[in-house]
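Worksheet: the structure to be examined is printed underneath.
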Amino acid sequence: MENKEIEVLSPAGDFETFKAAVNNGADAIYLGGKSFSARKNAQNFTNEEIIDAVKYAHLRNVKVYVTLNTLVMDNELEEVFEFIKFCYEANVDALIIQDLAVLRIVKDYFPDFPCHASTQMTISSLEGVKLAKEMGFSRVVLSRELSFEEIKYIADNTDAELEVFVHGALCVCYSGQCLLSSIIGSRSGNRGACAQPCRLNYNLIDYDGKKVFKDSKYLLSPKDLCLADEIEQLKKIGIKSLKIEGRMKNKEYVSLVTGAYSDAVKRGSVSDDTLMELENIFSRSGFTKAYFDNNINRNMLNFDKNNDLVYKNIDNKVLKKAEEMSRLDARKTRINAFVSVKKNKEIFVRLFDNENNCIEYLSNVTPQSANNAPLDFDSLKSQFSRLGDTAFCLDEFECEIDDNLFVSKKDLNEIRRQAVILLEDKILLSNRKKEYKNFEFCFCKNSFGEHKFTASVCTKEQLDYVMENEFFDKIFVPYNLYIKNKELLKNNQKIVCVLPKVIRKEKINLSDIKKVSISNIGQIPLCKNKEIYGEANLNITNSISLNEYKKYGLKAIMLSNELTLTQIECNKKSIDCEILVYGKIEVMNTKACIYKSAFGKCGCREDKFLYLEDRMKKRFPVLQDSFTCTSHIFNSSPLFMADKLNELKNTKVKYLRFAFTDENVDEIKNVIALYKSGSKCNFEFTRGHYFRGV
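In terms of our numbering, the sequence shown opens at residue 879 and continues consecutively.
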C-alpha cells in the first residue's frame, strides 16, 4: 500500500547539525546521547541538549528518535533505566534499540513509549519483522542487505512500520554481526566504537594458497549507498521511513543530503544535477545501489583504492550551496489566528495549527477610543505576523474589530507574545504519565553442574572425527553440511543443526531435524516443536536479554564473545549457557561475496577456505556459504583457554564450546589433548575479551 506521508529521517551528531537537518526538510531526526549510542565517536548530545532538541523539533512538527542501540551489560542496566526515563520525560518520540533488555525495560516501566528495532538486530525476513512487532516494536529498521523485491515482500505481508536506509555509508557486514574491530582492536561496533578496519586494504589467498592480487585491494570497503531515484518505488510499497546514514558527518553534508531527499519526496523524482551534488559532497568512488537491485559484485566496492576522504575534493559551488543550506533558519510551523477587539472588553486571541493544537487567550488589555488612526484589519494582522524569532509563521488571519478603537503596539506585541507562549506550551504538552515504579530485576538462577564440552564444525572431515570422539556432549553442524549428511545425522542425539546465520527468503527444510541452533530472532518462528539452542550471534550480554530468549523456548544459549569472564560469572543465568573456549571467532558475516568480488563469478567451495591477508600479514579464514551466498570471516588466531580451566569453572556455564574452522584432524587431536591436560600451547592464540572486555 502506498505511503503518501513517507518520512525523511536525518542524522545529527551535534545540535548545529540537528537544526540544519530540521531546516532543510527532515521529518524526523535520530541522535544519540553520551552513552549507549552506536556512534560513540560522534559529539552526541547531553541531556540538556536532548531537551532543547525535542522542543526545537516539536515546535516545527518534527520528530526526534534517540538511539539506545548498543549492547548493555548487567552493571549498566540501572543507568539504562534512568536514561530511558529521562528520554520519556523529555518527550522523545521513540527509542531505537538493539538489546532486548532495553525493550523489556521500556515495556515494563514505560509501556506507551514507542520502540524501533535497530538495524543492529539484523532483521532481514518477514518472520523477524512479525516477531519484532509481537515483542513490542512499533517499527523495524530492515537490514541494508535486502533487495527491493525482498523489501516489497515484507511490506506486502505486515502492517508493522518499516524503515529503510537510502543514503550513506554501507557496512560490509550485516549490522550487529561484526566483531572485527572488537577482536583485533578492542573497539566494539556493538558498543558504538567501531574503528572500521573494513576500510583497510587486504590481499586474498585462494583455495590453492596463492595470492590473488599483486597489490592488496579494498575487498571489504563498499561505496556509499544512494537510492534517491528509488523513492517512488519505496513509497508505493508502503515504506514508512527513508533513513539517511551520517551521525559522524558535518552539518553541510547533512543539510545538502536532507534537502535533496526532502525535495525528491515532494517532487516524486530527483534531477541529475542533484545526484551529482550528492556524489560531490561525499562519496567513496561514486555511489552504489548494491543489494537493493541485487547487483552484488566488485562494482559495489572501492576495489582498487580507498577514497574515504573525498570531501577535500568537493566542488566549490556545491560546498558553498551546502554551507548556505546549513545556515538556514526557515522551518516554520504555519498557524492561524483569530483576534477579537471589542469595545469595553478584554482583547481575545485564538491561535491554532494544522495538528489540532489550539489555545485561547483572554488578555487584560481593554481597547481605548481612538483619537486618530483607529485599529483596522491590516494593522492588527501586521502586528500578529511579527513571529520572526519564534517557530511559527502566520497563515490565515481573521478578526473582529469594533469601530474607532485604539490599542498600542506595545500592548499588541505583549498579547501576541503571551498567546504564542501558550501555543508553544500546548504543542509541547505531554500526556505521558510521570509515575514509575523503582527499577529492579531478579531471576531464579539455573542450577549448575559439571561443565560439558561441545564442538562446532565447518567441514565433513571435522564432523567425522568429532562424532567418533567421546569428549563432546553436543556437536553443532552447519545447515548445509547437515542436509548433505542428513541420513547419517538425523538420529544422532548429539547433533544440533545450526541454521544459516541470516535467513531472508531462502526456504529451509527442517523436517526430521529435532535440534536446531539459531542466530537471529527471525529464526524462532521457523523452529516450532524443535529443541532450540542459541548461537553467540544473538549478542547476549546481560541477564534480562537472556531471560527474554528463555520465554521463547530456548534450551541453552551461547553468550556473546565480547564478555569478560567476570561479566559471565555475574550473569544471573536463568537458562543453561555456553561460552567459547577454543576456536577462531567469527568476526564478520557479509553478503558481499568475497569470491565473486575477486574473481567476478560465483565459485564458492565449502570444503576449503579462502584467506584475507592484512598489512600485518595476519590471515583471516573465509568460509563461503553457497546456500545463502554469504562469506563468513574468522579471526586470524584461535581463542585458547586450556591453561585457564580454573577461571572457566568460576563462570558457572554448562557448556564449553570448541569451534573448529580450518583445523585438520591432527590439529583437532592436539587441541583436545591440550585441554585434557590443561597445558599451554605453542601456536599463536588470543584470550579474546575474557580478560579485557569492551
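All residues carry an ideal CB built from backbone N, CA and C; glycine is no exception.
Remember, it's a predicted structure, so these values are computed and weren't measured experimentally.
Following the continuous alpha helix (DSSP H) through residue i, name the residue where it begins and the one where it ends.
i	result
GLU885	GLU885 -> not in any alpha helix (DSSP H); beta strand (DSSP E) instead, spanning 885-889.
PHE1026	1026-1034
GLY1063	1058-1063
ILE1578	Residue 1578 lies beyond the stretch modelled for the chain, which goes from 879 to 1572, so this question has no answer here.
ASN1425	1421-1429
ILE1446	1443-1448
SER1555	1543-1555
ASP1342	1338-1346
LYS1475	For the record, residue 1475 in the displayed sequence is Ser; it is not Lys. It spans 1472-1477 - the alpha helix (DSSP H) in which SER1475 sits, taken as one unbroken run.
PHE914	Segment: none, PHE914 is in no alpha helix (DSSP H) and carries neither H nor E.
ARG1493	Unbroken run through ARG1493: none, as it is neither H nor E.
ARG1209	Here ARG1209 belongs to no alpha helix (DSSP H), and DSSP marks it neither H nor E.
ALA979	978-987
VAL1132	1129-1145
ALA898	893-901
VAL970	Counting along the chain, VAL970 falls outside any alpha helix (DSSP H), and DSSP gives it neither H nor E.
ASP930	925-936
Report yes if the CB atom of residue i is closer than 9 Å to the CB atom of residue j, and no otherwise.
i	j	result
VAL944	LEU1120	no
CYS1072	VAL1050	no
GLY1571	THR1442	yes
LYS1408	ILE1386	no
ARG1162	ALA1047	yes
CYS1236	LYS1304	yes
VAL1376	TYR1360	yes
LEU1306	LYS933	yes
HIS1329	LEU1534	yes
LEU949	ASP977	yes
GLY1054	ARG917	no
GLU1292	VAL1243	yes
VAL940	ALA904	yes
Return the CA-CA distance between residue i and residue j, expressed in angstroms with no decimal places.
i	j	result
LEU1078	ASN947	25 Å
LYS1315	TYR987	7 Å
GLU1274	ASP930	29 Å
SER1504	LYS912	42 Å
SER1514	ILE1061	10 Å
ALA1142	ASP1171	20 Å
ALA1551	ILE1381	37 Å
ALA890	TYR908	6 Å
ALA1045	VAL942	What sits at residue 1045 in the sequence shown is His, not Ala. Distance between the alpha carbons of HIS1045 and VAL942: 19 Å.
TYR1189	CYS1455	At TYR1189 the pLDDT is 41, less than 50, meaning the model places this residue with poor confidence and gives no usable figure here.
ALA1248	LEU1300	29 Å
ILE1581	LEU1009	The chain is shown only over 879 to 1572; residue 1581 falls outside these bounds and no answer can be derived.
ARG1145	ARG1125	26 Å
SER1452	LYS1547	34 Å
SER1389	LEU1404	11 Å
ILE975	MET951	14 Å
SER1241	ILE1001	55 Å
ILE1032	GLN1401	15 Å
LYS1469	PHE1317	40 Å
TYR966	ASN919	24 Å
SER1509	ASN901	42 Å
HIS1567	SER1064	8 Å
GLN1111	ALA1476	32 Å
TYR1169	ASP1037	24 Å
ASN1035	GLU1224	58 Å
ASN1214	MET1013	42 Å
HIS936	ALA906	10 Å
PHE1561	THR997	38 Å
LYS1393	ILE1410	6 Å
ASP1186	ILE1192	Any reading at ASP1186 needs caution, since the residue's pLDDT is 48, under 50, leaving its predicted position unreliable; the model's value is listed next. Their backbone Cα atoms lie some 13 Å apart in a straight line.
Check for me: the beta strand (DSSP E) holding residue i runs from which residue to which?
i	result
ILE1463	Unbroken run through ILE1463: none, as it is neither H nor E.
HIS1567	Note, HIS1567: premise wrong, no beta strand (DSSP E); not H, not E.
TYR1169	Counting along the chain, TYR1169 falls outside any beta strand (DSSP E), and DSSP gives it neither H nor E.
GLU1238	1236-1240
I'd like to know whether the C-beta of residue i is nearer than 9 Å to at least one C-beta of chain B.
i	result
TYR1343	Judged by its chain identifiers, the structure shown contains no chain B, having just a single protein chain.
- Message: Check whether the segment 1532-1550 and the segment 1335-1355 touch, using three or more Cβ-Cβ pairs below 8 Å as the test.
- Response: Segment contact: the segment 1532-1550 against the segment 1335-1355, three or more CB-CB distances shorter than 8 Å; contact assigned.
- alpha helix (DSSP H) runs wholly inside the segment 1378-1417, at least 4 long, in chain order: none
- Can you list the beta strand (DSSP E) stretches of 3 or more residues lying completely in the segment 1351-1382, in chain order? 1352-1356 and 1373-1376
- Would you list, in sequence order, the uninterrupted alpha helix (DSSP H) runs of no fewer than 4 residues that lie entirely inside the segment 1255-1328? 1255-1262 and 1287-1306
- Pair every Cβ in the segment 1414-1422 with every Cβ in the segment 1486-1502, then say whether three or more of these pairs are closer than 8 Å. No: the two stretches stay apart, fewer than three of their Cβ pairs being nearer than 8 Å.
- Would you call the segment 1431-1439 and the segment 991-1004 in contact, with 3 or more CB pairs under 8 Å? no
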